[in-house]
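Numbering (the UniProt record's numbering), first residue to last: 1 to 306.
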């Protein structure tokens, strides 16, 4: 790993940042630093009503420069369920559309702590449900052609949406892509996963931050063991979409993501896993020319087009 990059990561890992107290300031900094989308790129903003009509759920649609495949991607962004939004992930979604040749639907779900679990999950579920039921909105010819994708907390939401669709008797997407997902509820020293201890201090996302994010998303420690908060806790993982899990070598969430692969396989699902070496959590937001991004999309496209 580049020494300068490693130093920057160490600064970002400062224990002085307390997400439970500083999340609003972190959001503002993210929004200021978020790069503006390239001129001439076509994006469209839509809104979907929540099931009870209490609020709108913004959805931004990204069209690729060259549309190669009809099956769209429904994307849930990361940020510990607390930070991140459509704007901060716009460039990542532009890259996603262009590098896959597919339309991308990005969901601006409600964030904790203003809207703790299950608000964000229900927003993501609602958008998936609407797109699956109203094929004319997404151009789907078959409801199973929708593909879920999410990174970090968004990977957690994608996995939880798949479980919720199955449990509510809805159609489940044909495939899902989980990028370094949160799948477990405990990120303390007591965690069963070694990557929490080896990668949990100096690589940007820290174990401490994960504990703080979890406390904001689901304040009750016992309720964090719910399968829709921690999919790895699910007693029944059968009938899930064909799944690709991508992990990062220096990510504290690496081991729990790979443990979810094993759990899905044991439940009879078709699953692939790929670890990107030499990189940290959150790399999908890097420029599309970054080696880690190029490697990830090579694997993603092979999975999507198989």
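Virtual Cβ for every residue (Gly too), placed ideally from N, Cα, C.
A check of alpha carbon separations from residue 219 across 182, 118, 295 identifies 118 as the nearest.
Under DSSP, residue 244 forms a beta bridge with 177, 272. Take residue 66, set aside five residues on each side of it, and the residues of its chain with a beta-carbon closer than 7 Å to its own are 101, in chain order. Annotation for residue 161: the continuous alpha helix (DSSP H) segment containing it runs 153-167. Between the alpha carbons of residue 294 and residue 232 lies a gap of roughly 28 Å. In the structure shown, residue 47 falls within a strand segment according to DSSP collapsed to helix, strand and coil.
For residue 14, there is no enclosing beta strand (DSSP E), as DSSP marks it with neither H nor E. Residue pairing from DSSP places residue 106 in a beta bridge opposite 60, 75. Secondary structure at residue 111: coil, using DSSP grouped into helix, strand and coil.
In the DSSP assignment, residue 94 falls within the alpha helix (DSSP H) that extends over 90-100. Of all alpha-carbon atoms in 175, 79, 158, 70, the one lying nearest the alpha-carbon of residue 137 is that of 70. Assigned with DSSP and collapsed to three states, residue 147 falls in strand. For residue 266, the uninterrupted alpha helix (DSSP H) segment begins and ends at 254-266. Residue state for residue 36 is assigned as coil, using DSSP reduced to three classes. For a cut-off of 8 Å, the C-beta gap from residue 256 to residue 203 is around 15 Å, too long to register as a contact. DSSP places residue 198 in the uninterrupted alpha helix (DSSP H) bounded by 194-198. Taking a C-beta distance under 8 Å as the contact criterion, residue 141 and residue 241 do not qualify as a contact pair.
For the pair residue 227 and residue 160, the Cα-to-Cα distance works out to about 7 Å.
With 16 or more other Cβ atoms inside 10 Å of its own Cβ, residue 80 counts as buried.
DSSP places residue 215 in the helix class (H, G or I) of the three-state scheme. For residue 303, the enclosing alpha helix (DSSP H) begins and ends at 291-305. For residue 119, the enclosing alpha helix (DSSP H) begins and ends at 119-133. For residue 116, the closest of 17, 223, 64 by C-alpha to C-alpha distance is 223. In the same chain as residue 267, and ignoring 5 residues on each side of it, the C-beta atoms closer than 6 Å to its own belong to 237, 238, in chain order. Rounded to the nearest angstrom, the Cβ distance from residue 269 to residue 289 is 34 Å, too far for a contact under 8 Å.
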